[in-house]
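A.B. asks: Got a structure for you, questions after.
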Amino acid sequence: MKVKVFDEGHEEDLENAINAFIKEEEPEIFDIKFSVGASVFAEEQVFCFSALIVYR
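Counting in the numbering used here, the sequence shown tops out at residue 702, every number present.
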């Protein structure tokens, strides 16, 4: 088993990164964990969209 971590600042970028990984590697996926973090920096909201894929 292996894991792959993705971390992007926009949800569409996360989708694109995961889809590219799946297309390129054609992994057997066992699980996907998704997380969103948000904070405020200098009056601007900053988001972090993350996913961890467990695969073989």
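Each residue gets a CB set at the ideal place from its N, CA and C atoms; glycine is no exception. If you're wondering where the values come from, they're calculated on a predicted model, not measured in any experiment.
Are the CB atoms of F704 and V700 nearer to each other than 7 Å?
C.D. replies: Given a span of 647 to 702 for the chain in the structure shown, any question on residue 704 remains unanswerable.
A.B. asks: As a quick exercise: from V649, E674, F667, H656, pick the residue whose alpha carbon is nearest that of Q691.
C.D. replies: Minimum Cα distance to Q691 is reached at H656.
A.B. asks: Please classify F652: is it buried, with 16 or more other beta-carbons within 10 angstroms of its beta-carbon, or exposed?
C.D. replies: So F652 ends up on the buried side.
A.B. asks: Tell me which residue opens and which closes the alpha helix (DSSP H) that A690 is part of.
C.D. replies: Here the sequence assigns Glu to residue 690, which means Ala is not the residue at that position. E690 -> not in any alpha helix (DSSP H); beta strand (DSSP E) instead, spanning 690 to 701.
A.B. asks: When we look at the beta-carbon of F695 and count the other beta-carbons within 10 Å, is it buried (16 or more) or exposed?
C.D. replies: Buried, because 16 or more other Cβ atoms sit within 10 Å of the Cβ of F695.
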